[in-house]
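Residue numbers (our numbering), protein chains in the order written: chain A, 1 to 254; chain B, 255 to 508.
The beta-carbon is built from N, C-alpha and C at its ideal position, and this holds for glycine as well.
2 protein chains.
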Amino acid sequence: MSKLTSIYDRSRVPLYIQVASVMRQRIDTGHWVEGDKISTLEELEQEFAVARVTIRQAIELLREEGLLNAQQGRGTFVSGKPKHNRWLNLANDFDTMVSSIKDNVLKRVHIEEIAANPDLSEGEGTLADSYVFLRSVQYNDNEPFSVVNLHLARSIFDKAGKQFMSVAALPKIVEMADVTIAHAHQTLTIGVASPETADLLKIGLGEPTADCRLVLVDDSGIAIYVADIHYHKNCFALRNDLLERSGPRRGGAK
Amino acid sequence: MSKLTSIYDRSRVPLYIQVASVMRQRIDTGHWVEGDKISTLEELEQEFAVARVTIRQAIELLREEGLLNAQQGRGTFVSGKPKHNRWLNLANDFDTMVSSIKDNVLKRVHIEEIAANPDLSEGEGTLADSYVFLRSVQYNDNEPFSVVNLHLARSIFDKAGKQFMSVAALPKIVEMADVTIAHAHQTLTIGVASPETADLLKIGLGEPTADCRLVLVDDSGIAIYVADIHYHKNCFALRNDLLERSGPRRGGAK
DNA sequence: CTCAATTTGTTCGTATGTATG
DNA sequence: ACATACATACGAACAAATTGA
Chain A
1 MSKLTSIYDR SRVPLYIQVA SVMRQRIDTG HWVEGDKIST LEELEQEFAV ARVTIRQAIE
61 LLREEGLLNA QQGRGTFVSG KPKHNRWLNL ANDFDTMVSS IKDNVLKRVH IEEIAANPDL
121 SEGEGTLADS YVFLRSVQYN DNEPFSVVNL HLARSIFDKA GKQFMSVAAL PKIVEMADVT
181 IAHAHQTLTI GVASPETADL LKIGLGEPTA DCRLVLVDDS GIAIYVADIH YHKNCFALRN
241 DLLERSGPRR GGAK
Chain B
255 MSKLTSIYDR SRVPLYIQVA SVMRQRIDTG HWVEGDKIST LEELEQEFAV ARVTIRQAIE
315 LLREEGLLNA QQGRGTFVSG KPKHNRWLNL ANDFDTMVSS IKDNVLKRVH IEEIAANPDL
375 SEGEGTLADS YVFLRSVQYN DNEPFSVVNL HLARSIFDKA GKQFMSVAAL PKIVEMADVT
435 IAHAHQTLTI GVASPETADL LKIGLGEPTA DCRLVLVDDS GIAIYVADIH YHKNCFALRN
495 DLLERSGPRR GGAK
């Protein structure tokens, strides 16, 4: 069995899609540059250890995406880069987070006034008496880039009521005079799109998403705000300078 | 056309795998709990709008993974949770990063003393004269969880030579008396496994990975350390408290 | 201009996988 | 379990376009 066939056994995704993924990445990372002539079908057959037709299917996929352009007798050329909207910069301090959310264009798509409690993990505080559930979608250029599933403690929801329908909840909570936020636990993982998420983000079921969970705990240890945010993977990037706060590191420092 | 069929059109992944992904996630998130009897085939058929056999294929997949257990005449039951090794906690300050790397068990799998230059993005400094390329795999419990592709400026490599073969490079660099690190740019995105990465992490080609790029820039603006780290998606999590540095947030604060 | 080499495009037959009802 | 339809993948042969000697 060839090397790739055994990898194929691991993933069960159609081979030509796997091959296309790798090629797409090569273009994306600049390994194959726009205008380049890529390897011949024959070479690709050998490299990936698959049949000619399979390579052609992969190329056809990327042709539809506008990344490749095959010309009979000449070769196959790179004709573009995958579109990325990595304009999202996840915050890693609270103020940046709040101010970046403030300007978001969002659309509430679902509200349940009587909602099941969120599942809290170790260290995420204790449950409030009851929660309201809000779901919204964030857009940029009319393209959806994230879905927010928010469990909001009813006591908080009642303070501002209808305002939560049209505005992001987090900045509103920060403004509340009688609420103290003791912790803001953030957890970032890679997840897969549920039917609802896939539908709202216009991606395939089970495709990867960047999942960010944000839990706000008040001074009595109650989780008043539990958000599960699913980002479209191409819209997600987290950038920071690890030395931003501490300044340059002189040699030999402990 | 049913709702799911149209989602299927977007993803091109076999339908039963998509269905299995959703079910797996339900178990993972605690929506379906161990011991539960899940919906009947008939209900699932309707919910996902697919044929009975397709549901059975999905269940069979999860049965092989030990998550489900179907019993004729009784129903299908949850028999376990997906294994996650989310013990990785990506640092978001430099010292934590360095000290967490120090203890890593790694295996160098590939070294090129004469290597191509890395591709630097805007703001990641300027290229050094030449680079050495090092590839290593990190293990935990004999399971690979990350692949590091490192371009190290030759001037740095020459200072410690063979030591880089067996030890993580970053702590070594920090200890160097005549090297100043001015910036440590970190970028986190979601990527896909290349053939090499898939092979080393034992995952399928094109499966999602958490990609972390770390670029160290010295005081003359040269990128002396350019690492592309690919984490297994189940081993990756980033956790922090956004209020850790600033302390609790009193209500009404601007 | 012709010829040969190179490279993509097309087709056939076969086998297996996926999905429906 | 069965009949049906279509997708995926292989290997091999042949056709058509391009290039350069």
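Find the nearest neighbour of glutamine 311 (chain B) within the set B:Gly284, B:Leu295, B:Gln300, judged by alpha-carbon distance. Minimum Cα distance to glutamine 311 (chain B) is reached at B:Leu295.
For isoleucine 181 (chain A), does the three-state DSSP call read helix, strand or coil? strand
So the candidates are B:Arg504, B:Lys361, B:Ala491, B:Val480; which of them puts its Cα closest to the Cα of alanine 369 (chain B)? B:Val480
Residue environment, histidine 84 (chain A), which counts as buried when at least 16 other CB atoms sit within 10 Å: exposed
With 8 Å set as the bound, which would you pick, yes or no: does the beta-carbon of serine 136 (chain A) sit closer than that to a beta-carbon of chain B? No, no contact with chain B.
Assigned exposure category for glycine 35 (chain A) - 16 Cβ within 10 Å defines buried: exposed
Check whether leucine 424 (chain B) and isoleucine 355 (chain B) have beta carbons under 8 Å apart: yes
Between tyrosine 393 (chain B) and serine 400 (chain B), what straight-line distance do the alpha-carbon atoms span, to the nearest angstrom? CA-to-CA, the gap between tyrosine 393 (chain B) and serine 400 (chain B) works out to about 7 Å.
List in chain order: all unbroken beta strand (DSSP E) runs of 3+ residues lying wholly within the region 353-388 of chain B. 360-369
Can you tell me whether lysine 487 (chain B) is buried or exposed, with buried defined as 16 or more other CB within 10 angstroms of its CB? With 16 or more other Cβ atoms from the protein chains shown falling within 10 Å of its own Cβ, lysine 487 (chain B) counts as buried.
Could you name the residues of chain B that phenylalanine 164 (chain A) contacts, counting a contact when the two beta carbons are closer than 7 Å? Within 7 Å Cβ-Cβ: nothing; phenylalanine 164 (chain A) doesn't reach chain B, min ~17 Å.
Under DSSP, the beta strand (DSSP E) around serine 146 (chain A) begins and ends at which residues? 143-153
Take the Cβ of tryptophan 286 (chain B) as the centre, count every other Cβ of all protein chains shown within 10 Å, and call the residue buried at 16 or more, exposed below. buried
Where does serine 11 (chain A) fall in DSSP's three states? Helix.
Count the other CB atoms, across all protein chains shown, that sit within 10 Å of the CB of valine 132 (chain A); report buried if there are 16 or more and exposed otherwise. buried
Any beta carbon from chain A within less than 8 Å of threonine 294 (chain B)'s own beta carbon? no
Which residues mark the beginning and the end of the alpha helix (DSSP H) in which threonine 255 (chain A) is found? Nothing about residue 255 (chain A) can be read from this structure; chain A reaches only from 1 to 254.
Which residues of chain A have a Cβ atom closer than 8 Å to the Cβ of valine 287 (chain B), listed in chain order? Result: empty, since nearest Cβ-Cβ is about 10 Å, beyond 8 Å.
Members of the region 234-245 of chain A near chain B, C-beta cut-off 9 Å: Asn234, Phe236, Ala237, Leu238, Arg239, Asn240, Asp241, Leu242, Leu243, Glu244, Arg245
Give me, in chain order, the residues of the same chain whose beta-carbon lies closer than 8 Å to that of isoleucine 17 (chain A); leave out the 5 immediate sequence neighbours on both sides. Ala58, Leu61
At a Cβ threshold of 8 Å, is serine 2 (chain A) touching chain B? With a pLDDT of 41 at serine 2 (chain A), under the threshold of 50, the modelled position of this residue cannot be trusted; read the value that follows with caution. Contact of serine 2 (chain A) with chain B is not assigned, every C-beta pair being separated by 8 Å or more.
Measure from the C-beta of arginine 408 (chain B) to each C-beta in chain A and report whether the shortest distance is under 8 Å. no
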